[in-house]
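Colleague: The following block contains the structure, expressed as structure tokens.
2 protein chains.
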Amino acid sequence: MNKVAIVGVGHTKFGKLQKGLLDILSDASLEAIEDSNTNDKDFGSVYVGAMSPAAFNNISGIASALVDRISLLPAAADHIKNGPASGGSAIKAGFQAIASGMSDLVLVVGGEKMTHITAPGYVTSNVATLTHPEAERRHGVSLPSFAGLLTRTYLEKYDAKLEWISDIAIKNHKNGALNPNAHFQRTIESFMESAINKGKGIWENIQEFLNDDKANPIIADPLRLFHVCPISDGAAALVLCNAEKAKDYCDTPILISGIGQATDTQIVFEREELTTLKALRICSNQAYKMAHKFPKDMDVAELHDAFEILEAVQSEDIGFFDKGEGAKAAHEGLTAIGGKIPINPSGGLKARGHPLGATGVAQVVELVWQLRGDADKRQVDGAETGITCNFGGFGNNIISILVERM
Amino acid sequence: MNKVAIVGVGHTKFGKLQKGLLDILSDASLEAIEDSNTNDKDFGSVYVGAMSPAAFNNISGIASALVDRISLLPAAADHIKNGPASGGSAIKAGFQAIASGMSDLVLVVGGEKMTHITAPGYVTSNVATLTHPEAERRHGVSLPSFAGLLTRTYLEKYDAKLEWISDIAIKNHKNGALNPNAHFQRTIESFMESAINKGKGIWENIQEFLNDDKANPIIADPLRLFHVCPISDGAAALVLCNAEKAKDYCDTPILISGIGQATDTQIVFEREELTTLKALRICSNQAYKMAHKFPKDMDVAELHDAFEILEAVQSEDIGFFDKGEGAKAAHEGLTAIGGKIPINPSGGLKARGHPLGATGVAQVVELVWQLRGDADKRQVDGAETGITCNFGGFGNNIISILVERM
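From first to last, the protein sequence lines stand for chains A and B.
Under our numbering, the first sequence has 86 at position 85, and the numbering climbs by one with no breaks.
Under our numbering, the second sequence has 35 at position 34, and the numbering climbs by one with no breaks.
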């Protein structure tokens, strides 16, 4: 199997963008190509990760359209769909194209454009098509409702506090404030100060602010607004090549040394345990095994905190903490930049934002910046290895990607 | 690169089916697994090719849902989208999973369920989202209109006759009549006889019937009803493994010895020549080169006759006939079973039907049956090698797969 290296990265700002989907995919792609010094090189394949460009943007054949738009014809082009894990799946497809020897140079780009949609509930309803049509969706179940249920179960089972889940959001906003590409480049403290200045209320501290029904309304009990990620636009891209040729393009190539992907029951009720993400345990073990690494070897991680409870649970199932210890670890600062294992230095889905198909790629882009030492104010000192969790459905299709310095 | 073999195939009947999409994907998948003696084996990955399950069936995460439905958890699962070439792209993804060594055993399944949709024009409008939004779609252009334009240009440029294009439909219906999985298991002659028996008209011969505006109404001038494929439901599946282990599963494994994929401009107007499918020339050459074969080595082919003109043009650009000779070759019987190079012994998209995502996989399933000698009344004697053309958009993303006996 050929070894696969990342030689270029691109990342649009995440948030409410004016440009259309093809434009933001193009921007991230061209930035990655520029970054990798592969202008005028022949790309063998292009993989686009996006969840719902047909529903959100009325475009099918998005990959074919993109290769034309950015003058990569006649490169092979495919659109990879795996819900909010479409980006991770697109990276895996690109990895296999290089690893097999079928392509020498591959572009992977993930993106989504949703904020222009004004129909109430349209985006959430579209995402809810990931749930089981008979057992779940027709009873009104959506992904936020599962996240609420998981939070309540976790808090009771492990005697944890909702404030510890809030601490994850506080940390991620703090990190996002240091990320010039983040959707929210603000701390939650700054939201509180604005609210105080506008005369909306007075709160003693940040936890009081976060427990206020007006300041932080309930979305899916017990989760409130600041416990869930926003709807964002954005795109992120990688250029991959055979690791043997990586130094031709780039002084600091990053190796993809492990990839795992695993599925779990679509019907959440059928799982052995709600608070364990079995698919993550399996796929992260695949990635560790492939890379000959262990959780203790990780210097930094990007996890899929579409809901803040998920970061806690994922930090356990990916092997950083014992079951039931993830939320407490965040509360104690172990997952902050400078802590034992920094999680989501980018701001995570909570603050960087969550343009569905972009997320899995953006996670890896952040790790590349961290491993290159290019993460500026949010740099994890000396980071040499990192891992991601990109979460599809409600945990029924998870991808974990392990990267390291070459 | 590991060599990749097909050790099992499955194929539902195509046509107007009662079952839902997940059920037909399951049926084809389980038939392929049964055929390959891989029951109770660990599948590494599952790739689902489907164009629009979200729009047609309100299901996202179709691949994650399928692996659960057919008890292949925790296999990795991804949904591959490339319009009407989604099936071919899914095979390529599965090929790369085995070729790279990332998976030992892979299931590839393509399918679509559309005939339940009653809203007039919904399916055609959905397919039209493959065209360019500004340059084409908003002016009312659809894929049938491009096919009409291509037909007129071809007939004028090469001094060909519309009757020769009709001859392709006549041949494909004749083949389809021999295929128990075909949507239309009837010759066009039998349609004419029925019309005569019902007193709808009297025609001297089949060409007169096909030129009758009532019997065969115009769809996109000069193309008429019998020159275009139907809207069909159906699914087809393959089990792939490392060729070295193929004999463990199957007595007659078939090797995938070549795969090519190439893109062309999305805007059809921007192509150098309307009557040449540049992407097919490139991708079939990639497949031939990879397999160390030439067009003259092919014993049988499955081409993408969504419109009958396409079979003529593809038979040229895939290297069987000189430019402008494809339609004439069909007229002369060179592409019939028993001819120089039998094309679409299955009945093609015209008669087997065209459940978008299923087609690319069904083409390869037909070649496997032909190469195994299992094609019964439509068997091409002594077939040892075959090639496909699976056509995405209006030719802007084409995949060609070359298979041979091991």
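Every residue, glycine too, gets a C-beta built ideally from N, C-alpha and C.
As the structure is a prediction and not an experimental result, all values here were calculated from the model.
Under 8 Å, with one C-beta from each stretch per pair, do the stretch 390 to 407 of chain B and the stretch 260 to 275 of chain B reach the 3-pair mark?
Modeller: yes
Colleague: May I have a chain-ordered list of the alpha helix (DSSP H) segments no shorter than 4 residues that lie completely inside the stretch 4 to 79 of chain B?
Modeller: 22 to 36, 54 to 58, 63 to 70
Colleague: Since A100/B meets chain A, which of its residues come closer than 9 Å, beta carbon to beta carbon?
Modeller: Q97, A100, S101, G102, M103
Colleague: Quick one: list the residues of chain A neighbouring S27/B, beta-carbon separation under 7 Å, in chain order.
Modeller: Chain A residues near S27/B: none, gap ~13 Å exceeds 7 Å.
Colleague: Name the residues in the stretch 67 to 96 of chain A whose C-beta lies less than 7 Å from a C-beta of chain B; which are they?
Modeller: V68, D69, L74, P75, A76, A77, A78, D79, H80, I81, K82, N83, G84, S90, A94
Colleague: Please list, in chain order, the chain A residues whose beta carbon lies closer than 7 Å to that of Q267/B.
Modeller: S65, A66, D69
Colleague: Whose Cβ in chain A lies nearer than 8 Å to the Cβ of A331/B?
Modeller: Simply none; closest approach about 27 Å.
Colleague: Of the choices Q371/B, V110/B, S126/B, P356/B, whose alpha-carbon is the least far from that of H140/B?
Modeller: For the residues Q371/B, V110/B, S126/B, P356/B, the minimum Cα distance to H140/B belongs to S126/B.
Colleague: Counting only the same chain and skipping the five closest in sequence on each side, list residues whose C-beta sits under 6 Å from that of A1/A.
Modeller: Beyond the ends of chain A as shown, which are 2 and 407, falls residue 1/A; an answer cannot be given.
Colleague: Closest by CA to G387/B, which one among F395/B, K378/B, G393/B, V366/B?
Modeller: The shortest CA-to-CA distance from G387/B to any of F395/B, K378/B, G393/B, V366/B is the one to V366/B.
Colleague: Is it buried or exposed, H184/B, if we count other Cβ atoms within 10 angstroms and call 16 or more buried?
Modeller: buried
Colleague: Counting only the same chain and skipping the five closest in sequence on each side, list residues whose C-beta sits under 7 Å from that of V68/A.
Modeller: V47, L74, A76, A78
Colleague: Using the C-alpha atoms, what's the distance from E271/B back to F147/B?
Modeller: 13 Å
Colleague: Count the other CB atoms within 10 Å of the CB of Q97/A; is the residue buried (16 or more) or exposed (fewer)?
Modeller: Around the beta carbon of Q97/A, 16 or more other beta carbons lie within 10 angstroms, which makes this residue buried.
Colleague: First and last residue of the beta strand (DSSP E) that includes E312/A?
Modeller: Run containing E312/A: none in the beta strand (DSSP E); it sits in the alpha helix (DSSP H), 309 to 318.
Colleague: Please state the DSSP three-state secondary structure of L205/A.
Modeller: For the record, residue 205/A in the displayed sequence is Glu; it is not Leu. Correct three-state label for E205/A: coil.
Colleague: Are S65/B and G394/A touching if we call contact CB-CB under 7 Å?
Modeller: In this structure, G394/A lies closer than 7 Å to S65/B by Cβ.
Colleague: Against A55/A, what residues of chain B qualify as contacts under a CB-to-CB distance less than 7 Å, listed in chain order?
Modeller: S53, A55, A56, T130
Colleague: Given that P134/B touches chain A, what residues does it touch there, using C-beta distances under 8 Å?
Modeller: N59, I60
Colleague: State buried or exposed for K158/A, treating a residue as buried only when at least 16 other CB atoms are found within 10 Å of its CB.
Modeller: K158/A comes out exposed.
Colleague: Tell me the DSSP secondary structure of L403/B in three-state form.
Modeller: strand
Colleague: Using only CA atoms, which one of G348/B, V381/B, R406/B, R373/B lies nearest to P181/B?
Modeller: G348/B
Colleague: Quick one: which chain B residues come within Cβ less than 7 Å of I283/A?
Modeller: P75
Colleague: State the Cα-Cα distance for the pair E274/B and D318/B, rounded to the nearest angstrom.
Modeller: 12 Å
Colleague: If you run the structure through DSSP and keep just helix, strand and coil, what is L179/B?
Modeller: coil
Colleague: Starting from the N-terminal side, write out each stretch of the beta strand (DSSP E) that is 3 residues or longer and does not extend beyond the stretch 265 to 307 of chain B.
Modeller: 301 to 303
Colleague: Is the stretch 169 to 177 of chain A touching the stretch 330 to 337 of chain A in the sense that three or more CB pairs, one from each, lie closer than 8 Å?
Modeller: Because the criterion of three Cβ pairs below 8 Å is met, the stretch 330 to 337 of chain A and the stretch 169 to 177 of chain A touch.
Colleague: Relative to the C-alpha of A129/B, which residue among D41/A, P134/A, I60/A, D213/A is closest?
Modeller: I60/A
Colleague: Determine the contact status of I207/A and E190/A, defining contact as a CB-CB distance below 7 Å.
Modeller: Going by C-beta atoms, I207/A is nearer than 7 Å to E190/A.
Colleague: Excluding the 5 residues flanking H80/A on each side, which residues of the same chain have their C-beta closer than 6 Å to its C-beta?
Modeller: Same-chain partners within the cutoff: V49, I63, A64.
Colleague: So, at 7 Å on beta carbons, what are the nonlocal neighbours of S37/A in its own chain, with the 5 sequence-adjacent residues on each side left out?
Modeller: V8, G9, V240, Y250, C251
Colleague: May I have the straight-line CA-CA distance separating Q380/A from A6/A, to the nearest angstrom?
Modeller: Near 21 Å, if we compare the C-alpha coordinates of A6/A and Q380/A.
Colleague: Where do the ends of the alpha helix (DSSP H) carrying L156/A lie?
Modeller: For L156/A, the enclosing alpha helix (DSSP H) begins and ends at 144 to 158.
Colleague: Identify every run of the beta strand (DSSP E) within the stretch 198 to 244 of chain B, keeping only runs that are complete inside it and at least 3 residues long; order them along the chain.
Modeller: 219 to 221, 235 to 243
Colleague: To the nearest angstrom, report how far apart K162/B and I232/B are at their CA atoms.
Modeller: 26 Å
Colleague: Under the rule that 16 or more other beta-carbon atoms within 10 Å means buried, what is E113/A, buried or exposed?
Modeller: buried
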